[in-house]
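Reading through the structure tokens given below for one structure.
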């Protein structure tokens, strides 16, 4: 207060008027700046706020996956939500499966995941991928459990009649271990049982799971993948880069490509 009084005594009147004009203008400028700054964080928040989850997919998050160690030994369970939501860059290792369905023309069925999927929506991938569930007792039996889960999901995702996809129809090839941080919120960390189903089946895809399903011949696969307007899933990409050609070449002699002793890590 003393400083303000001294200033008023020492500064001429016309200077005070100019100072008032300057102060008013500065106030208006600062008000505009703060107003714009106040809306920017709001815009950022609105653009990055989590999208509401599809009710069907959100309900599936409560299913329980089978937790495993690096040797694929069961060590508990966790919800799909906890298995796939990144926490400080970490994801629990859990058991999964991937099915590669070839028809009798040796064409591979690919699917585009539904846009409502929580992990990797709209991505193209192999025929069917999911998890054995802890709450389904017979799906906890390692290989046989993974086969049972694969048949369950082939019916659910692709609408294949149960009579056309029995566990005995699935050829077990190997297991792979991989991790992907996905979009930074949802990701994967799995030991993945790989199965090949080589037969003609009827398809009736579930739109909550699958946007598109189509058969691709080996001769056109490379071009098809290059021209996609959506990415492919990380596990399918690893298999395309490292294993798929060899499996495709040996569809009628799969014993040549089976590796049941080792878990392949990427």
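Numbering (full-length UniProt numbering), first residue to last: 1 to 266. Even glycine gets a Cβ: it sits at the ideal position worked out from N, Cα and C.
Spanning the alpha carbons of residue 243 and residue 122 requires a straight line of approximately 23 Å. Between the stretch 102-118 and the stretch 166-178 there are fewer than three inter-stretch CB-CB distances shorter than 8 Å, so the stretches are not counted as touching.
Of 147, 61 and 89, the smallest CA-CA separation from residue 80 is found for 61. A distance below 8 Å separates the beta carbons of residue 210 and residue 158. In the structure shown, residue 90 falls within a strand segment according to DSSP collapsed to helix, strand and coil.
Residue 241 counts as exposed, since fewer than 16 other C-beta atoms from the protein chains shown sit within 10 angstroms of its C-beta. Per DSSP, residue 233 has no beta bridge partner at all. Rounded to the nearest angstrom, the Cβ distance from residue 133 to residue 93 is 16 Å, too far for a contact under 8 Å. Every unbroken stretch of the beta strand (DSSP E) spanning 3 or more residues and falling wholly within the UniProt domain "Nudix hydrolase" (92-238) is given here in chain order: 94-102, 108-113, 128-130, 170-180, 188-198 and 210-216. Note on geometry: alpha-carbon atoms of residue 86 and residue 185 lie some 5 Å from one another.
Fewer than three Cβ pairs drawn from the stretch 134-142 and the stretch 195-204 lie within less than 8 Å of each other, which leaves the two stretches out of contact.
Under the three-state reduction of DSSP, residue 67 is assigned to strand.
About 21 Å separates the beta carbons of residue 97 and residue 59, which is beyond the 8 Å limit, so they are not a contact pair.
Across the structure, residue 54 and residue 256 are spaced so that their CA atoms are roughly 42 Å apart.
Take the alpha-carbon of residue 229 and the one of residue 88: they are about 31 Å apart. Residue 76 holds the alpha-carbon nearest to the alpha-carbon of residue 64 among 76, 195 and 173. By the CB criterion at 8 Å, residue 254 and residue 196 fall inside the cutoff. Between the C-alpha atoms of residue 238 and residue 266 there is a straight-line separation of about 8 Å.
Counting along the chain, residue 74 sits inside the beta strand (DSSP E) bounded by residues 74-79. Within the model, the alpha-carbon separation for residue 114 versus residue 160 is close to 18 Å. Minimum Cα-Cα distance from residue 119 among the listed residues 264, 246, 139 and 234 corresponds to 234. In this structure residue 208 is in contact with residue 56, their Cβ atoms being roughly 5 Å apart against a cut-off of 8 Å.
For residue 265, the enclosing beta strand (DSSP E) starts and ends at 263-265. Rounded to whole angstroms, residue 141 and residue 246 show a C-alpha spacing of 28 Å. Distance check between residue 101 and each of 69, 223, 125 and 222 places 125 closest, using alpha-carbon atoms only. Looking at the backbone, the Cα of residue 258 and that of residue 52 are separated by about 42 Å.
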